[in-house]
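A.B. asks:
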Amino acid sequence: MLPQVIIIGTMKGGTSSLFKYLYSHPEMVGSRNKETDFFAEDDVYAKGKGWYESLFQGSGSIAFEASPKYTVCDQYPEAPERIKEMVPEVKLIYLLRDPISRTISHYGHNFINGREIRPFSRAIREHEAYISISKYFYQLQPYLEQFPRSNLLLLQSERLRDEQEETLDKVAEFIGIEPHFDEDILRQKFHVSKTKKKSSRLEFRLRPYFRLRYVYPIFKAVMAPLRTEYEKPVVTEDDMAFLKQEISPDIESLRNLTGMEFRGWKV
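Just so we're aligned: the sequence shown equals residues 5 to 271 in my numbering.
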């Protein structure tokens, strides 16, 4: 079974929640792991169509996955074309969060995992991906070249959080399913914790060598004493001005394209 629906992004935009909601639906078959990265990563794509199909096992009739890397077009430029070639009729869902909040959250995620050590001010100016991933109009262009607009559903992440029922009704209508989602799942919040711990650089460097399912919990336990309390990044007025200057033109183009207001965003 190949996916008829793919959530293509955005990173730190609520894709885990949407994946869980859809996974709870009796008509849907989610991929074995939420993020297959099949169309993004060359080594995964090389495993072939049969391997990809094997990731979707279940009693439902509509397969789906969610890989935010699919809207990191600078790093994974071939993803849209690969998707078009293998599943030309697929329906694509792009979940969009306030781009400034997304950028800050993305930095925080990398900092917690030990992937990022620079202060926020330096990181957003030196690592282009923090901002380019938040340029949603830019990330959409390769998909608009491959797919008709009717195959794309754009959703505001904040609406999924604050207007859950109405937003999921839109998702269900787009996919072509009844809006019957597991109420217990809908009440849950995913990737939320009261206290966050920052991984050490040693843990970050060693992590790839301990990915096996039965080894990783032991590795995490051994590394736990090295973790420190995470403090939210300091975002100065200059940082905010820089982010708005970089991102605002793109979001204005997005508003013109979609007719969506994106109320509450900082740009």
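Glycine residues also receive a C-beta, built at the ideal position from the N, C-alpha and C atoms.
Please confirm whether F246 has its beta-carbon closer than 8 Å to some beta-carbon of chain B.
C.D. replies: Absence of chain B from the displayed structure is noted, only one protein chain being present.
A.B. asks: Alpha carbon to alpha carbon, how far is V91 from F151?
C.D. replies: Answer to the nearest angstrom: the Cα atoms are 11 Å apart.
A.B. asks: Compute the beta-carbon to beta-carbon distance between V271 and P103, rounded to the nearest angstrom, for a pair I have assumed lies under 8 Å.
C.D. replies: Contact flag correct, Cβ pair sits at about 6 Å.
A.B. asks: Is the CB-CB distance between L96 and N155 below 8 Å?
C.D. replies: Yes, they are a contact pair.
A.B. asks: Do you know whose CA, among S136, L6, Y27 and Y111, lies nearest L172's CA?
C.D. replies: Out of S136, L6, Y27 and Y111, Y27 has the C-alpha closest to the C-alpha of L172.
A.B. asks: Excluding five sequence neighbours on each side, which residues of the same chain lie with their C-beta closer than 6 Å to the C-beta of W277?
C.D. replies: Not covered by the structure: residue 277. The range shown for the chain is 5 to 271.
A.B. asks: Beta-carbon within less than 7 Å of L261's beta-carbon, same chain only, minus the 5 sequence neighbours each way: which residues are those?
C.D. replies: Only F141 meet the Cβ criterion.
A.B. asks: In whole angstroms, what is the alpha-carbon distance linking G13 and S252?
C.D. replies: G13 and S252: Cα-Cα distance of roughly 19 Å.
A.B. asks: Using the three-state DSSP reduction, which class does F43 fall into: helix, strand or coil?
C.D. replies: Coil, per DSSP.
A.B. asks: Any idea if H29 is buried or exposed, counting beta-carbon neighbours within 10 angstroms, 16 or more meaning buried?
C.D. replies: That one is buried.
A.B. asks: To the nearest angstrom, how far is the alpha carbon of E235 from that of G54?
C.D. replies: If I take the Cα positions, the gap works out to 44 Å.
A.B. asks: Check the C-beta distance from G263 over to S161 and give it rounded, since I have them as a contact under 8 Å.
C.D. replies: Not quite, the Cβ-Cβ distance comes to about 18 Å (not below 8 Å), so this is no contact.
A.B. asks: Nearest CA to the CA of A67: which residue from F246, C77, P81 and R36?
C.D. replies: Measuring from the Cα of A67, the nearest candidate turns out to be R36.
A.B. asks: Let me check understanding here. Comparing Cα to Cα, which of Q8, M32, E170 and S257 lies closest to Q145?
C.D. replies: Taking only the C-alpha atoms, the option nearest Q145 is S257.
A.B. asks: Which whole-angstrom value is the C-beta distance of M5 and E57, which I expect to be below 8 Å?
C.D. replies: About 6 Å; that satisfies the 8 Å criterion.
A.B. asks: So is N114 buried or exposed if we call it buried at 16+ other beta carbons inside 10 Å?
C.D. replies: Looking at its Cβ environment, which holds 16 or more other Cβ atoms inside 10 Å, N114 is buried.
A.B. asks: Would A83 be called buried (16 or more neighbouring beta carbons within 10 Å of its own) or exposed?
C.D. replies: It is buried - the Cβ of A83 has at least 16 other Cβ atoms within 10 Å.
A.B. asks: Fully enclosed by the region 12-61, which beta strand (DSSP E) runs are 3 residues long or longer?
C.D. replies: Here the runs fully enclosed are 32-34.
A.B. asks: Just to confirm before moving on: does the CB-CB distance between I87 and F124 stay below 8 Å?
C.D. replies: Cβ atoms of I87 and F124: not closer than 8 Å.
A.B. asks: Tell me whether E250 is buried or exposed, calling it buried when 16 or more other Cβ atoms sit within 10 Å of its Cβ.
C.D. replies: Counting Cβ neighbours within 10 Å, E250 comes out buried, since at least 16 surround it.
A.B. asks: For a quick check, are the C-beta atoms of Y134 and H110 less than 8 Å apart?
C.D. replies: Closer than 8 Å, so yes.
A.B. asks: Under the rule that 16 or more other beta-carbon atoms within 10 Å means buried, what is D254, buried or exposed?
C.D. replies: The residue is buried, with at least 16 neighbouring Cβ atoms inside 10 Å.
A.B. asks: Nearest-angstrom Cα distance between R106 and S136?
C.D. replies: Cα to Cα, R106 sits roughly 11 Å from S136.
A.B. asks: Roughly how many angstroms lie between the CA atoms of T240 and L247, to the nearest whole one?
C.D. replies: Looking at the two C-alpha atoms, the distance is approximately 11 Å.
A.B. asks: Using a Cβ-Cβ cut-off of 7 Å (strictly less than) and excluding sequence neighbours within five positions of I108, which residues of its own chain qualify?
C.D. replies: Excluding sequence neighbours, I108 sits near P237 and V239.
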